[in-house]
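The working numbering puts the first residue of the sequence shown at 413, with every later residue one more than the last.
We treat Cβ as the ideally placed atom computed from N, Cα and C, and that holds for glycine.
Shown next, in structure tokens, is the structure this report addresses.
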Amino acid sequence: MTTTQPLFDETPRVTALEGHFAGFLAQLAGAEDAALRAAAVLACRATNNGDVCVRLHDYAAHAVKGLDIPAPAIGDWITRLRRSSVVGGPGDFRPLVLDDEGRLYLYRYWQYESQLARDLLERACDADDVDAALLRDGLERLFPDPRDFEQRCAAAMAVLRRLCVISGGPGTGKTYTVVKILALLAAQARGRKLAIALAAPTGKAAERVQEAVRKALDHYPAHDPVRACVPAEAHTLHRLLGARPGSVYYRHNRDHPLALDVLVVDEASMADLALMAKLLAALPARARLILLGDKDQLASVEAGAVLGDICASAGMSAAFAGRLASVVGGHESISPDTGARHSPLGDSIALLHRSYRFGADTPIGTLAANVNRGGGATSLARLKDDASGRLAWRPTVVHELRAALESVLDRLADYIEHSRSGSPHEVFERFNAFRVLCAHRGGGFGAVAVNRLIESMLAEKGLIDVRGDWYPGRPVMVMRNDYNMQLFNGDVGIALPERSADRPLKVYFPAQDGTMRGIFPTRLPEHETVYAMTIHKAQGSEFGRVLIILPQELSRIMSRELIYTGITRAREQVEIWGAEEVFMRSVERRLARTSALQQRLWG
């Protein structure tokens, strides 16, 4: 069974922003209209909830939470809105845009969506500067293993097309493939140094892709041309575009584009609609764009689910299937889309299925696949009945959480002991062997409450001394980017004792060159203790064993994407605590974000 997201409206009242916005529009319109006020509140609320627009049919003739009156019937509502001077149709420069299907946008988000769709479709075209014979030889050399056929096709697509989207789960070789793509493009350049940039939506993700690319380059000889063109540093998308403090505009845009031949964006599922629209606008028309990510993971915390909408369908044209087969071979494995309709995007999407981290027949791989199919009951049964020791389920209610966490203290004891005398590398290895993940940040089962409980229980057992702010083994997560310190939102550090008595503690963070760097606690940007972290913050990371703690009730974010993302953070073992009904209903729900991007891209 699969259901779309119900209308969870978790806002207890009209917020100050929503109220001021609705009042401002009423003032602009020159008249107080309850239909306009309700629409303005919902349009503003939608973007705060991750939607790009609001579908008025979903709220028509129902009470809007926080408003004193119900919304009008849909026909009356739309008629009254179209009469308003502050509501326009697509293309009109008005504060609100109402399309023909009853979707209401804030103007800026309508512009982002329409602009991004147009730019993606224009970029989804064949490159005209490809030496097919040279590409064929490069693919034979770089992908000799027939088991890597999916990666080989993805690499060929990235060379043959201006846009390539490579989507695959953890361990499917996305970074492994992209370095080989850069090697193929370097060969196509025939001695000309390509301007290549590596980027990601967050600082943490940028550091990860930089480290992964650096490790992959170790397998290439010193004289290989790919070493000369791969950048030494990856950037956040904000930094790449030239963010301006206090402004939604960037230094690079359509009038001042980036000086790039190739842009690689990792963890593209974390990029929101506005950021992706601005990125596409700032990229030169002839540059190649390569997006890497997992379409099944959680979308951005901001408005939109861009990667999911891009990958909503697939199927290449017969013409491109023939062109691809001519350079990779394996004609029988490349099937064109025989449907009547075809989007240019179909020739630009490569899906990777084979996981090198865990196969489809392993307990974690099987569970992840079940969750992706929406099988709530079968997924729960696998958790309960697993005999391999790789999966576990524990029903948990509020008053049992403290007792249940006793097992977590046992797993942390070895880590705490090593934090007193072990090297930073050893301590991090033990810390990353196990991680607690929470669905929510707040609430009784959220990351903040679980962190406080774990820390207090460790103190009660005498494992840590919390009389001061800092103690050996305290793990912290950076909550705000600090480019001067090269610390980014989501980075995790651990407080460890220094050998000299006058400098008792430093917080150590993994550096991009594989070393550890120690920073005095007073120099850290905003941070918090992180024995437990949210699944959102864990995106892109991997740990040996993972414990996922679910809330007792459904909420807006509880979905199969959340459960899947949490499960696939683990290499060896997954344990889930929660209520059976919440787990099953979450797996059966897709986190559907309201927008028209998918329709614009695929028809």
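Nearest-angstrom Cα separation, counted from residue j out to residue i
i	j	result
H668	M569	28 Å
G442	A529	34 Å
V625	N665	27 Å
A789	E965	17 Å
V1000	V994	Looking at the sequence itself, residue 1000 is Glu, so the reference to Val does not match. Distance between the alpha carbons of E1000 and V994 is about 10 Å.
V809	N901	32 Å
K592	C576	14 Å
R794	L959	16 Å
W489	R495	10 Å
L736	Y588	20 Å
L1017	M928	The question about residue 1017 has no answer, for the chain in this structure spans 413 to 1015.
A439	I722	Checking the sequence shown, residue 439 turns out to be Gln, not Ala. Roughly 39 Å between the two C-alpha positions.
V860	L610	33 Å
R832	T934	20 Å
V740	G705	23 Å
A871	P657	41 Å
G727	A733	9 Å
A644	L597	17 Å
P558	G501	52 Å
R879	R886	13 Å
A451	L468	8 Å
Cβ neighbours of residue i in the same chain (closer than 7 Å, five flanking residues each side left out)
i	result
I979	I776, L779, A780, V783 and V986
H432	none
V499	L493, R506, L508 and L510
S953	R981
E430	V453, C456 and R457
R823	F846
V642	L594, I608, V625 and L629
D538	L572 and R573
Nearest residue (CA-CA) to residue i, options the options
i	options	result
Q951	L962, L701, I931 and E973	E973
S755	L899, Q1011 and H852	Q1011
E867	N844, I828 and F840	I828
R698	A646, G585, E534 and L468	E534
L695	A724, G705, D708 and Y662	Y662
P884	V862, F857, L917 and N893	L917
V890	R823, I961 and K616	K616
G487	G503, E513 and G501	E513
V542	R573, R515 and P556	R573
S738	D445, A545, D504 and S971	A545
D894	E444, G880, K873 and I931	I931
N460	A450, L437, A536 and T427	T427
Proximal residues to residue i (C-beta, below 8 Å), its chain only, five neighbours per side dropped
i	result
V464	A458, Y517, Y521, Y524, E525, L685, A715, G716, R1005, T1006, S1007, A1008 and L1009
R814	L865 and M869
G956	N844, A845, F846, A982, R983, E984 and Q985
V888	V904, G905, I906, A907, V919, L936, H939, E940, T941 and V942
D877	A871 and Y883
Contact under 7 Å by Cβ, residue i with residue j
i	j	result
L719	A680	yes
L629	D673	no
D1013	L757	Here the sequence assigns Leu to residue 1013, which means Asp is not the residue at that position. Yes, these two residues count as a Cβ contact at 7 Å.
L764	E562	yes
Y920	L936	no
V638	A601	no
E838	H830	yes
A566	P613	no
A1023	Q622	As shown, the chain starts at 413 and ends at 1015. That puts residue 1023 outside it, with no answer to give.
A851	P963	yes
A991	V848	no
A485	Y471	no
S767	T584	yes
Q709	T977	yes
L703	L675	no
V571	L547	yes
A762	I969	no
L792	M996	yes
Sequence-distant residues of its chain with Cβ nearer than 6 Å to residue i (five each side left out)
i	result
I975	V783, S998 and V999
K949	G902
W989	R806, T808 and I961
G462	A715 and R1005
A447	P484, W489 and R492
heavy atom of the ligand PLP below 6 Å from residue i C-beta
i	result
Q439	Only the bare structure without any ligand can be found here, which leaves the ligand PLP out of the picture.
In DSSP terms, what residue i is bridged to
i	result
I578	L704 and A762
E987	A804 and L959
M928	P922
F846	R957
A655	Y662
A408	Nothing about residue 408 can be reported from this structure: the residues present for the chain run from 413 to 1015 only.
A982	F955
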